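Below: one structure, written as structure tokens.
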Amino acid sequence: MQKERTFKEKITLFLKGLVMGVANKVPGVSGGTVSFVFGFYEELIYSFRKINLNALKFLLNGRFKSFFKYTNAQFVTLIMTGSIFSYFSISLILDYFLKYYELYVWSWFFGMIVGSIYYIGKDFGKWTGRNFIFLIFGVTLGLGISFLTPAKENDNLWFVFVCGIIGVSGMTLPGLSGSFILILLGNYVLLLVDSVNVLLNVFTNLISGNFDVLSDPIKIRYLKIIGVFTAGSAFGLVSISHVLGYVLKRWNKIVNAIIIGFITGSLGIVWPWKNKIYTVSDGQYLFDQEGNKIIENYERFIPEVFSLETFLAVFFIFFGIGLILAIDYYERRRN
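Reminder that position 108 of the sequence shown reads as 108 in the UniProt record's numbering, one-by-one numbering, no gaps.
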């Protein structure tokens, strides 16, 4: 799968990684869906599958060039660098818009996911009775997950490692939002907000020559947490990709039917009009009645039909759909 890429193609892959990174951080949006729509999902899965014993032998024998080619490392590095970079750049901009223009951001995401369902389903081919059953199964699973109640925060390191394995699933499973799963596990704020912010703070302090930051026990605690979470994510990426690569090869139609259904069923998570059922206590986070810090949790409701706000929200829904259709048009013209 390793192939030579032009400079333009490398930049494009990095930008796709940026978008996937943003999607992975937003609850309800799946980075796997982004990779599916942008056309690099299967290459991503099969590249992670190449991280195996053969790759380890290349490393131990000092055959770094062979390792680089065998694992399709150029592709993986570009995608993952873009994804990681987005956590400290684009996603911060997104956090701002989610805070001040929440309805329109969710409307945009909702539209893009609707468009993604069309994009993924248009080349499915003939629908058999068996594939339709798996489609319904995917819809049911997506709906079931979207209405689960979040748990409490848990910073136990073994649980953080498990969160890494489960949270990274959004990158490998289209329709499954790793961030939303972390909300359900109670650790979204701990792992994707607090720990990331502390890591950035420590990094900037070290760059400026302030090494006293490493003696702060609170910051060390967060560094341990994000380190274990990263290790769990890396383990999850490789292990889940091996399983997915196998099932995609043997049951491609069934897997795609489940993915389409799951994305459809999970639309409720990104429904733009939501009633907040918790109150803001510090202007940034939300707390439940027992004082546990959580991300926003919502009850869905029907919007007021005749209002400028609703009109703009609907506009952004169609804008999101149009964006996916534009990507589809561009891909068909390029091919």
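Using N, Cα and C, we set each Cβ at its ideal position, and we do this for glycine too. Remember, predicted model here, so these are calculated numbers, not experimental data.
Query	Result
Please confirm whether Thr-204 has its beta-carbon closer than 9 Å to some beta-carbon of chain D.	Annotation note: the requested chain D is absent from the structure, which comprises a single protein chain.
Here's a check: name, in chain order, each residue in its chain whose Cβ is nearer than 7 Å to the Cβ of Asn-131, leaving out the five neighbours to either side.	Lys-253, Ile-254, Ala-257
Could you tell me the alpha carbon to alpha carbon distance between Lys-152 and Arg-221, rounded to whole angstroms?	19 Å
Would you kindly work out how many angstroms separate the C-alpha atoms of Phe-211 and Val-189, rounded to a whole number?	26 Å
Gly-261 and Leu-157 - do their beta-carbons sit closer together than 9 Å?	no
Does the stretch 30-40 come into contact with the stretch 89-97, if we say contact requires no fewer than three beta-carbon pairs (one atom in each stretch) closer than 8 Å?	no
Can you tell me where the alpha helix (DSSP H) holding Asn-197 begins and where it ends?	195-207
Quick check on this structure: which residue in Ile-218, Ser-195, Thr-264 has the alpha carbon closest to the alpha carbon of Thr-230?	Ser-195
Alpha carbon to alpha carbon, how far is Phe-109 from Ser-116? Give it in angstroms, no decimals.	10 Å
Do Val-168 and Leu-237 have their beta-carbon atoms positioned less than 9 Å apart in this structure?	yes
Are Leu-185 and Ile-226 close, meaning C-beta to C-beta below 9 Å?	no
With a threshold of 16 other CB atoms inside 10 Å of the CB of Leu-53, please say whether the residue is buried or exposed.	exposed
Using a Cβ-Cβ cutoff of less than 8 Å, which residues in the same chain neighbour Phe-58 once the five nearest sequence positions on both sides are dropped?	Phe-64, Ser-66, Phe-67, Tyr-70
Express the C-alpha separation of Ser-86 and Ile-207 in angstroms, rounding to a whole number.	20 Å
What is the DSSP secondary structure of Glu-309, counted as helix, strand or coil?	helix
Between Val-213 and the rest of its own chain, which residues show a CB-CB distance below 8 Å, the 5 nearest in sequence each way excluded?	Asn-201, Val-202, Asn-205, Leu-206, Lys-219
Looking at Gly-138: is its Cβ nearer than 9 Å to the Cβ of Ile-263?	yes
Do Met-20 and Phe-48 have their C-beta atoms closer together than 9 Å?	no
What's the gap between the Cα of Glu-309 and the Cα of Pro-272?	11 Å
Ser-241 and Tyr-101: beta carbons closer than 9 Å?	no
Taking Asn-54 as part of the alpha helix (DSSP H), name the residues at either end of that continuous run.	53-60
Which word fits Ile-294, buried or exposed, when buried means at least 16 other C-beta atoms lie within 10 angstroms of its C-beta?	In this predicted model, Ile-294 has a pLDDT of only 47, less than 50, meaning its place in the structure is not dependable enough to derive any value.
Could you give the C-beta distance for Gly-111 and Phe-316, rounded to a whole number, given that I count them as a contact under 8 Å?	6 Å
Quick one: Cα of Asn-197 to Cα of Trp-127, how far?	46 Å
At the level of alpha carbons, what is the spacing between Lys-122 and Gly-209?	54 Å
Would you tell me roughly how many angstroms separate the C-alpha atoms of Leu-141 and Phe-180, rounded to the nearest one?	14 Å
Kindly indicate which three-state DSSP category Thr-329 falls into: helix, strand or coil?	It should be noted that the sequence gives Tyr, not Thr, for residue 329. In this structure, Tyr-329 counts as helix in the three-state DSSP scheme.
Applying the criterion that 16 or more other CB atoms from any shown protein chain within 10 Å of the CB defines a buried residue, is Pro-217 buried or exposed?	exposed
I need the DSSP call for Gln-289, collapsed to helix, strand or coil.	Note that Gln-289 scores a pLDDT of 45, beneath 50, so its modelled location is shaky and nothing firm can be said.
Rounded to whole angstroms, what is the Cα-Cα separation between Asn-187 and Val-228?	13 Å
How far does the alpha helix (DSSP H) with Phe-211 in it reach, from first residue to last?	No alpha helix (DSSP H) contains Phe-211, which DSSP labels as neither H nor E.
Can you tell me the Cβ-Cβ gap for Gly-17 and Leu-60, rounded? I've got them flagged as a contact below 8 Å.	The Cβ separation is near 29 Å, so there is no contact.
To the nearest angstrom, report how far apart Thr-172 and Tyr-41 are at their CA atoms.	8 Å
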